[in-house]
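Have a look at the structure below before the remarks.
There are 2 protein chains.
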Amino acid sequence: MNAITHLDELFTLLAFPSISTDREYKVDLDHCAEWLTEKLNSIGLTAEKHPTPGHPVVIARNEHRTDRKTVLIYGHYDVQPVDPLELWNTPPFEPTVKDGVIYARGSTDNKGQHFAHICGVADTIKEDGDLPVNLIFLLEGEEEIGSPHLEAFLKEHADELKCDVIVVSDTGMVAPGVPTFTYGLRGIACLEFIIKGPAIDLHSGIYGGAVANPATIAAELVAGLHDENQHIAIEGFYDDVLPLESWEREQWAALPDGDAATLKETAVPGLLGEQGYTSLERRWGRPTAEVNGIGGGYQGEGSKTIIPSEAFAKLSFRLVPGQSPAKILQLAEAHLRKHCPESVTIEIHAGHAGNAYVMDAHSDFGKAAQSALQKTFDADPVLIREGGSIPIIDSFKQVLGVDTLMCGLALPDCQAHAPNENFPIANFEAGIRLNRLLLQELADLA
Amino acid sequence: MNAITHLDELFTLLAFPSISTDREYKVDLDHCAEWLTEKLNSIGLTAEKHPTPGHPVVIARNEHRTDRKTVLIYGHYDVQPVDPLELWNTPPFEPTVKDGVIYARGSTDNKGQHFAHICGVADTIKEDGDLPVNLIFLLEGEEEIGSPHLEAFLKEHADELKCDVIVVSDTGMVAPGVPTFTYGLRGIACLEFIIKGPAIDLHSGIYGGAVANPATIAAELVAGLHDENQHIAIEGFYDDVLPLESWEREQWAALPDGDAATLKETAVPGLLGEQGYTSLERRWGRPTAEVNGIGGGYQGEGSKTIIPSEAFAKLSFRLVPGQSPAKILQLAEAHLRKHCPESVTIEIHAGHAGNAYVMDAHSDFGKAAQSALQKTFDADPVLIREGGSIPIIDSFKQVLGVDTLMCGLALPDCQAHAPNENFPIANFEAGIRLNRLLLQELADLA
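The listed protein sequences correspond, in order, to chains S and Z. Letter by letter, the first sequence follows residues 1 to 446 of the numbering used here. Letter by letter, the second sequence follows residues 1001 to 1446 of the numbering used here.
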């Protein structure tokens, strides 16, 4: 098995349109899980596809011995939706290489990263006949919808999944070639609200002025989420936030300028964020309230002079250590109901949620991961938190009682969740090297 | 020619999908204009379809004599879009009668109403061999997009269109069987703004907190259009508003309760409007700022945790006598630019606009119209303004120098601009009677 074959197989994996947020793709997720199961069996592991009330979980393991550490490698084979499709330069499920970079939905998030671990394991078994640790692969298909069934699965299979530490490559590198160890993540809590007014769209001339416009009310509720300093205006929202520690603020201040990076990567005309914090602190260490989608009324060309009968907004809150997603959803719902006038009705639907996570970056496991990263890239790793959310990592801690080493390979311009998602072949190859080095570092721990 | 034939022909007219806001239907508008031209020629008038830079204008006339009054009857054969199509109980362009009511897009607004006048004229010519007045029909295809080419057409054909008074049935009746004379209309000014932030949709975990969310900014700008008393917060917006006169407020206060009617007709949970005014005053005599459509980010099922790259809002302002649409658009644009942060860009596109209109309800022409309405319905007419806009009526005054008698036949629950638009056959027949009575009343004026 050589690098070309690894790439060919990655492309097969990337071709499955395994979009978990849309029920239409359910069968594609199942096919993708089936293909991974066969692949894992073929490299010398014992793999099985487990049904769940949602999409399947794939588990694979080598023969476990009592005299060595057990390492669980987690990944997810589901991907984000692809819209707006018209902004993709190449079809999202036809992987295309240009200038050494793979373009495909899921190339970075997360197929490319977990498949590098699979290839690393395959190479080690092929070359050495065995691995230096007891290994478990756990690959799920519902990460992009908040892993709704994985915690129950962990509880049900807790004996089978017992391990000393977990490895995940689903986080980022601060820059190409800069190994990055992530010791914390933000949590998340999602909700959608729908404002309903008149039974049908109304003529805005006939009724305008005498009835509430649901699109206006939705806009007012969204606008009311922040004050003029970009603090979140929901009562009690910050009550449980653990403040950033000074060593973190110092380390992050020494990284390449977050303002410049944010401006360059996003191409926004200017920055806007919570007063009193740097860009990196805002992205990694402070909670947010975002509207991910808003809609209501006429969406076509030109004008249609109506008062729409309803309007919606999809909100998500990124949370930091200390905050409870359930409590935040309660506070948000109370805030929205309090500020919604009686001239309309409001429906609120809670979505997925997950705790923030933080581990001791200077533990033995943390140092082992940092050493493997150093050898993989021949450079000193940086220690960061990340702004994204992998809610299951908190569940690992709660259910399996172990920490997770986040050794991500995603670059800042990987376009995760956006058109033209991409992953350099060099990072894929680094992931294969990292797997071998990391399993050895963990095996060597006393 | 009997009522059944009139109805059959109305159904043919209603079957043209003459949606002027969408370029896709251009040919259907042309076919509709062609059909009307043939119809008007067939009843003994001389009709011609005139091209414009937009959709055609149809003009028809009888033989004019210098010893009688000249009356111009205006109507429009274009209709509103049909979305949301799924809320229609019957196909919008397949007219369907249920319990004496015609269901079709355009049945009330405006095909049913102007075609009643055509049928009235046809009956009079057939029975009397002539009409009591010099008649001009002027039927346009761009009313729903603000009649962008009709004012130029009026100027170009001013001699041909010279008349003493204009008649339009494109307004409402306050209740079934209550003849209603409308002496004023609100004006309109439309604009769309687009907020642009990051070059592409961003992962809300990776960047959330450090960049402005265009959907949030759009919502804040929409929310900033009103203060807490539902006054419009644009600086200078009310400067030129002519206040309601006391006789108007008294007449309207004597009409059936506007609050109850608004609640019943719209099925809103509660009313909301400018403090200090009744529902009818808010609808007929006060200006508004409405969002007709808002959109940005993820619109599908479930969640997609992005910061959208852009968001838009389509606004329309209803204006009252004294206000200049051009000035209002300038004020609105200045307000939006002033309140838009530099962390995003804003694009503003002005849309269609038209002045408000008011005439002397107690003039001779006004009294003649009220008398014809009294005879048509055997009941005393009520005098109202309306909240909707027919910008061309101001153009008639400016270009042709004459007033317009608005004798509308639309019922409050006609669903104009909404799914299941409808028009009772009884109102269609009343329109045929009204045409004959009104032309005679006008002929009888000294």
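C-beta: ideal position from N, C-alpha, C; glycine also. Note that the coordinates shown come from a computational prediction; the quantities given were computed from them, not determined experimentally.
- At least one beta carbon of chain Z lies nearer than 8 Å to the beta carbon of D22(S).
- In this structure, P1179(Z) lies away from L1010(Z), with their beta-carbon atoms at least 8 Å apart.
- If you check the CB distance, E140(S) and L150(S) come in under 8 Å.
- H76(S): member of the beta strand (DSSP E) spanning 70-76, first to last residue.
- Boundaries cannot be given for S20(S), as no beta strand (DSSP E) includes it and DSSP labels it neither H nor E.
- For T1096(Z), the beta-bridge partners assigned by DSSP are Y1103(Z).
- Three or more pairs of CB atoms, one per stretch, sit closer than 8 Å, so the stretch 1316-1333 of chain Z contacts the stretch 1185-1198 of chain Z.
- In terms of beta-carbon proximity, C1190(Z) lines the interface with chain S, with at least one pair separated by less than 8 Å.
- In its chain, beyond the 5 residues on either side, no residue has a beta carbon closer than 7 Å to the beta carbon of R1023(Z).
- Assignment of S343(S) by DSSP, reduced to helix, strand and coil, places it in the coil class.
- With a beta-carbon spacing of about 7 Å, I102(S) and G112(S) fall inside the 8 Å limit used to define contacts.
- Collapsing the DSSP output to three states places L315(S) in a strand.
- When Cβ pairs closer than 8 Å are counted between the two stretches, the stretch 1240-1247 of chain Z is seen to touch the stretch 1312-1322 of chain Z, the count reaching three or more.
- Sorting L1014(Z), T1012(Z), D1008(Z), I1019(Z) by C-alpha distance to the C-alpha of G300(S) places I1019(Z) at the top.
- The beta-carbon separation of T216(S) and V1268(Z), rounded to 13 Å, does not stay under the 8 Å limit for a contact.
- Those residues of the stretch 141-174 of chain S placed with their C-beta closer than 9 Å to a C-beta in chain Z are E144, I145, G146, G172, ordered along the chain.
- In its chain, beyond the 5 residues on either side, N1229, Q1230 have a beta carbon closer than 7 Å to the beta carbon of Q1275(Z).
- Listed in chain order, the non-local C-beta contacts of I1145(Z) below 7 Å within the same chain comprise S1020, T1021, H1352, local neighbours out to five positions each way being set aside.
- Against A1311(Z), the close residues of chain S are I294, in the order they occur along the chain (beta-carbon pairs closer than 7 Å).
- DSSP places C1119(Z) in the helix class (H, G or I) of the three-state scheme.
- When beta bridges are read from the DSSP output, V222(S) appears opposite no residue.
- Around the C-beta of Q370(S), 16 or more other C-beta atoms lie within 10 Å, and the residue is accordingly described as buried.
- Under the Cβ distance rule, R1283(Z) counts among the residues neighbouring chain S, one pair being separated by less than 8 Å.
- With a 10 Å radius around the Cβ and a threshold of 16 neighbouring Cβ atoms, Q1080(Z) comes out buried.
- Chain-ordered listing is empty here: chain Z has no CB closer than 8 Å to the CB of E228(S), the nearest sitting near 10 Å.
- With distances taken between CA atoms, G106(S) lies nearest to A416(S) out of A416(S), T90(S), G431(S).
- Using a Cβ-Cβ cut-off of 8 Å, P1419(Z) counts as an interface residue toward chain S, since at least one Cβ of chain S sits closer than that to its own.
- Close partners of N213(S) in chain Z (Cβ separation under 8 Å): E1290, V1291.
- Below 8 Å, too few C-beta pairs join the stretch 156-164 of chain S and the stretch 291-311 of chain S to call them touching: fewer than three.
- For G1187(Z), the enclosing beta strand (DSSP E) stretches over residues 1187-1196.
- For E86(S), no Cβ of chain Z is located within less than 8 Å of the residue's own Cβ.
- By the Cβ-count criterion, E142(S) is buried, with 16 or more other Cβ atoms from all chains shown falling within 10 Å of its own Cβ.
- R1065(Z) carries a coil assignment under DSSP once its states are collapsed to helix, strand and coil.
- Per the C-alpha coordinates, the member of E421(S), L383(S), A446(S) positioned closest to R249(S) is L383(S).
- Cβ contact annotation for A1430(Z) (same chain, cutoff 8 Å, sequence separation greater than five): A1116, T1376, F1377, L1409, in chain order.
- Against chain Z, the beta carbon of D201(S) has neighbours under 8 Å at P1084, H1417, A1418, P1419, listed in chain order.
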